[in-house]
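Residue numbers (my numbering): 439 to 727. Even glycine gets a Cβ: it sits at the ideal position worked out from N, Cα and C. Worksheet: one structure, shown below.
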Ligand SMILES: [Zn+2]
Ligand SMILES: [Zn+2]
């Protein structure tokens, strides 16, 4: 969730990592990375492509952003979109908004309904943040939308493990469920794995103080892991505090490979084939050898 920081105080951009291919950034925010138009999008995606990131899924969290991500996905063949109202903005889910989101989700380059879910961190800390009961209702609506359209559900879960599971069980989960930026512990990882859901891992797996998460990650089969940047947030170690971008994904994947004791190429290949399957991107030729 986005609380703008003082940009002038930001450390310099992380250096480009050694290339690692093929990778797909399963969750990023190109607009929040500073891309405005087709050219700005191409610049960010070119930097990512140079280190092996072959495609990105850019996520909307409000209605303006939802309109923008769909355009971004039309501008560049390496960009796909996901559309929803972020749980913290659930107050804005009026009938008019529901109609527009439903229309945008039907677009062929929109590959998921998200990010939706529950966020119990921001209520009371952020002015205008939707209360949990409103978030819950909006989450249920997005679950139904994912089921009606057959598109994957992409979940944002911040300090709300039990609430998210409750709503999923009450409503009935869609076929494909992705927990973006999975940051919970082992018990939650086991629940999600048993349900057949995908867990998308971000820069948080590189954080040395994320002991419980790093323990949980070892319990997730490679077949259920996606990788993401959630850029411009959650920049991987040792560049925390700098602005993240999709080109930083190899840092996270190498740290993840070390954590699960596999070769980085194996994690790259495995997570990319998971993303191709989950988002139904099998028509992208040449991503996998
Ligand atoms: Zn999120
Ligand atoms: Zn996000």
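Original post:
Would residue 491 pass as a contact of residue 464 if the rule is Cβ separation under 8 Å?
Top reply: no
Original post:
Tell me, which residues are paired with residue 592 by DSSP?
Top reply: 616
Subject >> Rounded distance between the beta-carbons of residue 499 and residue 524, thought under 8 Å >> reply: 4 Å
Original post:
Using a threshold of 7 Å, is the CB atom of residue 699 nearer than that to any non-hydrogen atom of ligand 2?
Top reply: no
Original post:
When DSSP labels each residue in this structure, what does residue 575 get in the three-state scheme?
Top reply: helix
Original post:
What are the complete alpha helix (DSSP H) segments, minimum 4 residues, inside the segment 455 to 524?
Top reply: 476 to 487, 501 to 513
Original post:
Does at least one heavy atom of ligand 1 sit under 7 Å from the Cβ of residue 467?
Top reply: no
Original post:
Quick one: what does DSSP say residue 668 is sitting in, helix, strand or coil?
Top reply: coil
Original post:
Under 8 Å between the Cβ atoms of residue 694 and residue 665?
Top reply: yes
Original post:
How long is the line joining the alpha carbons of residue 587 and residue 579, rounded to whole angstroms?
Top reply: 12 Å
**OP:** Check the DSSP bridge columns for residue 698 and list the partner residues they point to.
**Re:** According to DSSP, residue 698 bridges with nothing at all.
**OP:** Report buried or exposed for residue 627, applying the criterion of at least 16 other Cβ atoms within 10 angstroms of its Cβ.
**Re:** buried
Original post:
Which residues in the same chain as residue 702 place their Cβ atom closer than 7 Å to its Cβ, once the five residues preceding and following it in sequence are excluded?
Top reply: 458, 691, 692, 695
Original post:
If we ignore side chains and look at the alpha-carbon of each, how far apart do residue 721 and residue 562 end up?
Top reply: 44 Å
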